[in-house]
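Take a look at the structure set out below.
Number of protein chains: 2
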Amino acid sequence: MLVHISKSVLVKALQQVYRAVPSHSPNSLLSGLYIHADSEGIVFRGSNTSLTLQYKVDIQDGSVHVVRSGSIVCHAKYLYELVRKMNDDDVILEAKSQSMLHISAGGTFVRLSGMSQAEEFPSIVPPVSVALYPTVQVPSRLLISVIQQVVVAVSTSESRPILTGVSLVIQGERLTMIATDGIVRMATRTVAIKNEAGVSASVIVPGTNLLEISRLLGEDGDEPVTIQFYPHQIYFSTNRLCMQSALIEGKYPPTRDLVPSGYISEVTVNLSILRQTVDRVSVLAEQRLITLQASEPRLVLSADTSEIGDMCDGLAWESRSGEDFRITVNGKYLISTLRSMESDCIRIRFADKRRPIILLPTDENASWLFLLNPVLTN
Amino acid sequence: MLVHISKSVLVKALQQVYRAVPSHSPNSLLSGLYIHADSEGIVFRGSNTSLTLQYKVDIQDGSVHVVRSGSIVCHAKYLYELVRKMNDDDVILEAKSQSMLHISAGGTFVRLSGMSQAEEFPSIVPPVSVALYPTVQVPSRLLISVIQQVVVAVSTSESRPILTGVSLVIQGERLTMIATDGIVRMATRTVAIKNEAGVSASVIVPGTNLLEISRLLGEDGDEPVTIQFYPHQIYFSTNRLCMQSALIEGKYPPTRDLVPSGYISEVTVNLSILRQTVDRVSVLAEQRLITLQASEPRLVLSADTSEIGDMCDGLAWESRSGEDFRITVNGKYLISTLRSMESDCIRIRFADKRRPIILLPTDENASWLFLLNPVLTN
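See below:
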């Protein structure tokens, strides 16, 4: 392998795939990054086996020149740190064998050991024709927004592994994601997509993988994302990026019954002001407990920490219907979902002090909701 | 106590003194910040007993209005976090007694417990007239530069506590600071100061305290800093800031003999390029070892990490005299001193492969130097 590549393009490529590299792995090959150059360009790949990220720099971009094809796996951390610090934009990567990569730029010359089993590095190219598997396309920004809004509710505990995943369902012209920790939180959003091939799919994708995928898509501009469903795997790809995640096997628990069928009170408040108020009240929220109280003339938030102090804060509502209410929730969960929402105002629905509150958008057509169970206090 | 104060001014004041608050202390009073308001303005104070920081907001600044005098000590972390998140610039602090502070701003109302022994909080006002003790004035920027350049060489080990301090000597019209870890590094700088009163002083100030002091001075604009020498204490003050540090008792070891009396080789290189080169080579520096080699036509830096790889890098020199040399040093110590230096170019002097290299400015009048002992390798 012998290639000339622009430093800035190389840094970006390494940054992208570096995110899949595990900090510790029993398989030392996974602490490496796979580089493959051929007449089409250069492909960079990182993997923790559950998530594999691949970034392609096309020969036609003009920022890369491949003199000799080849592939190598080098230690990710060293490779990335070294390239980032180069002081010349013209970087030359040369590997005479899979056991050594030479990097030169300006007055700098580096010899990095290769991990000699490059062909054993996790592959991302599907073994059979893609046409065999169901495929849909979703606009990048929409997909990012759905993932980030739903993924806040996944469980972080391994006691029920299935709940560390997000349920992704495609049926007709609708894509739905659902996540819940099974106890306190549930988030769901449904969006309209084009589905001319009539694909039906229902899979569970690890939440941490989806979050990484949404972050990488966010850095890659707004282009259509192709989603493909394979046995035990899901692929998300754009022009440059290809991201493959393992699936969680099993049956996602039913969540429909979690949402209270009615409500006795609803307030509409400005999302950004609510976010700031919750953030402020969280400072004194012992065990993260924040009490919401709707009574004239505003929504009051209060918290206390024993021996330190207490506080109350509040915001005027945009509109309100129904009875006064008072409920105590986990402020950390509340703030994380408020940060993931995109809306000027949101509605908060209250059914009963033992039943969850529901957060949902003011736009009746936007079909997302977030459910937060109360913390029962004295 | 009842005061109105602008949020931005209050946040800045708390930020400044917060830096002295210990994260853990057996004395719970020290986890607090002392606030005192009277007809002159408001004083804020934080202390870890070794370092006490005080910041004054003067009534004449127009950003504070004192309705009722008084003082209180409140938990620093909560106070700072809460004030920082307030969404109204007009903050009211009210304490009816020393046991409770009320904070209100916009729709937010907070009650913070006071630590009821405000009068036991470490004091900063000298008990007797300042005229009794030696006093000099040094321009703020000059003092910051001297501290930051020298403090990189203090020891971080408590095995010889005296070496965790910086020796500060005033004699005639000269202020000298010296720091050494006693083994590998020594830094010293002498600057001219005005000393009409003929003050003589020689004290040892904890390096971490001096570093905090230099950081606070850096945020406070360029004004003269008054240095006062008290028994067991040193004071640094500007209009708004008063910073008091305990001294380390004992006799600072002699350092003059550490500097080799002659040298056989000297190279002059661009400081900024050297910094970048050392930073890059550090990536592959196992046990931080970097080898410097002066031979035609450039200064070559090299490093390696077993099983990962090796690299060499280099920079052209500005000028050079004497023999070729090769020496191995600790790259972490080298980079930290290069970052603290202010100069376009520096000179590197080599005497012998077992004796320290000396880094010094090209300006013959600038009297600072940094000494770095080699690491002996095979």
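If you read the sequences in order, they're chains A and B.
Going by our numbering, the first residue of the first sequence is number 48, and it counts up by one from there.
Going by our numbering, the first residue of the second sequence is number 48, and it counts up by one from there.
Cβ atoms here follow ideal geometry from the backbone N, Cα and C, with glycine treated the same way.
Consider the Cβ of residue 417 (chain B): report whether some Cβ of chain A lies at a distance smaller than 9 Å.
Closer than 9 Å: no.
In terms of alpha-carbon separation, which member of A:135, A:364, A:127 lies closest to residue 360 (chain B)?
Considering only alpha carbons, the answer is A:135.
Taking 9 Å as the CB-CB limit, is residue 326 (chain A) close to chain B?
Yes - at least one Cβ of chain B is within 9 Å of the one on residue 326 (chain A).
Answer with buried or exposed for residue 239 (chain A), where buried requires no fewer than 16 other C-beta atoms within 10 angstroms of its C-beta.
So residue 239 (chain A) counts as exposed.
Given that residue 77 (chain A) touches chain B, what residues does it touch there, using C-beta distances under 8 Å?
None at all; the shortest Cβ gap to chain B is about 16 Å.
Please go through the same chain and pick out, in chain order, the residues whose beta-carbon is closer than 7 Å to the beta-carbon of residue 143 (chain A), but skip the five residues on each side of it.
So the list is empty, once near-sequence residues are dropped.
Please work out which residues of its chain come closer than 7 Å, Cβ to Cβ, to residue 196 (chain B), disregarding the five sequence neighbours upstream and downstream, and give them in chain order.
Contacts found: 234, 236, 387, 388, 415.
Under DSSP, the beta strand (DSSP E) around residue 138 (chain A) begins and ends at which residues?
Its beta strand (DSSP E) spans residues 137 to 144.
From residue 423 (chain A) to residue 401 (chain A), what does the alpha carbon distance come to, in whole angstroms?
So the alpha carbons of these two residues sit roughly 7 Å apart.
Alpha carbon to alpha carbon, how far is residue 346 (chain A) from residue 371 (chain A)? Give it in angstroms, no decimals.
If you take the alpha carbons of residue 371 (chain A) and residue 346 (chain A), they lie about 10 Å apart.
Would you please verify whether the beta carbon of residue 318 (chain B) is less than 9 Å from any beta carbon of chain A?
So, not an interface residue.
Give me the residue from A:230, A:420, A:331 with the minimum Cα distance to residue 204 (chain A).
Checking every option, the nearest Cα to that of residue 204 (chain A) belongs to A:230.
Apart from the five residues just before and just after residue 49 (chain A), which ones in its own chain have a Cβ nearer than 7 Å to its Cβ?
Excluding sequence neighbours, residue 49 (chain A) sits near 114, 115, 141.
Residues bridged to residue 284 (chain B) by DSSP?
Beta-bridge pairing links residue 284 (chain B) to B:273, B:289.
For residue 17 (chain A), I'd like the list of residues in its chain whose CB is within less than 7 Å of its CB, leaving aside the five on either flank, ordered along the chain.
Because chain A spans 48 through 425 in this model, residue 17 (chain A) falls outside it and cannot be assessed.
Please name the residue in A:179, A:407, A:124, A:59 whose C-alpha comes closest to that of residue 68 (chain A).
Considering only alpha carbons, the answer is A:124.
Under 6 Å Cβ to Cβ from residue 349 (chain A), same chain only, skipping five residues before and after it: list those, please.
Only 338, 359 meet the Cβ criterion.
List the residues of chain B that residue 122 (chain A) touches, going by C-beta distances under 7 Å, in chain order.
Per Cβ cutoff of 7 Å: 355.
For residue 132 (chain B), return the contacting residues in chain A, with the cut-off set at a CB-CB distance below 7 Å.
Within 7 Å Cβ-Cβ: 326, 327, 330.
Which same chain residues end up closer than 8 Å to residue 324 (chain A) when comparing Cβ atoms and leaving out the 5 residues on each side of it in sequence?
So the qualifying residues of the chain are 348, 360, 361, 362.
Residues of chain B with CB closer than 8 Å to the CB of residue 129 (chain A), please, in chain order.
Simply 327, 330, 331, 358.
Going along chain B in order, which residues have a C-beta closer than 8 Å to the C-beta of residue 159 (chain A)?
What residue 159 (chain A) touches in chain B: 355, 356.
Which residues, in chain order, does the segment 375 to 396 of chain A contribute to contact with chain B at a C-beta distance below 7 Å?
Answer in chain order: no residues at all.
Classify residue 74 (chain A) as buried or exposed, calling it buried when 16 or more other Cβ atoms lie within 10 Å of its own Cβ.
By the neighbour-count rule (16 or more Cβ atoms within 10 Å), residue 74 (chain A) is not buried but exposed.
Taking only the alpha-carbon atoms, compute the straight-line gap between residue 305 (chain B) and residue 170 (chain A) and give it to the nearest angstrom.
For residue 305 (chain B) and residue 170 (chain A), the distance between alpha carbons rounds to 59 Å.
With a threshold of 8 Å, establish whether the CB of residue 293 (chain A) neighbours any heavy atom of the ligand NAD.
Annotation note on the ligand NAD: not contained in the displayed structure, which lists no ligands.
Hey, how far is the Cα of residue 420 (chain B) from the Cα of residue 312 (chain B)?
C-alpha separation (whole angstroms): 16 Å.
Within this structure, are the beta carbons of residue 260 (chain B) and residue 224 (chain B) separated by less than 9 Å?
No, they are not a contact pair.
Write down every uninterrupted run of the beta strand (DSSP E) in the segment 317 to 353 of chain B whose length is 3 residues or greater and which is fully enclosed by it, in chain order.
Qualifying beta strand (DSSP E) stretches, in chain order: 336 to 342, 345 to 352.
Restricting to runs no shorter than 3 residues, where is the beta strand (DSSP E) found entirely within the segment 181 to 243 of chain A?
Correct list: 182 to 186, 212 to 218, 221 to 227, 232 to 239.
Whole-angstrom Cβ separation of residue 375 (chain A) and residue 393 (chain A), contact assumed at under 8 Å?
With a Cβ gap of about 19 Å, residue 375 (chain A) and residue 393 (chain A) do not count as contacting.
On the DSSP letters alone, give me the boundaries of the beta strand (DSSP E) that residue 104 (chain A) sits inside.
98 to 105 is the extent of the beta strand (DSSP E) around residue 104 (chain A).
Three or more beta-carbon pairs under 8 Å between the segment 143 to 154 of chain B and the segment 91 to 98 of chain B, yes or no?
Touching, no.
Closest Cβ-Cβ distance between residue 362 (chain A) and chain B: below 9 Å?
Output row for residue 362 (chain A): interface = yes.
When DSSP labels each residue in this structure, what does residue 390 (chain B) get in the three-state scheme?
Coil.
Is residue 156 (chain A) close to chain B, meaning its C-beta is less than 9 Å from at least one C-beta of that chain?
Chain B, which has a Cβ nearer than 9 Å to the Cβ of residue 156 (chain A), makes this yes.
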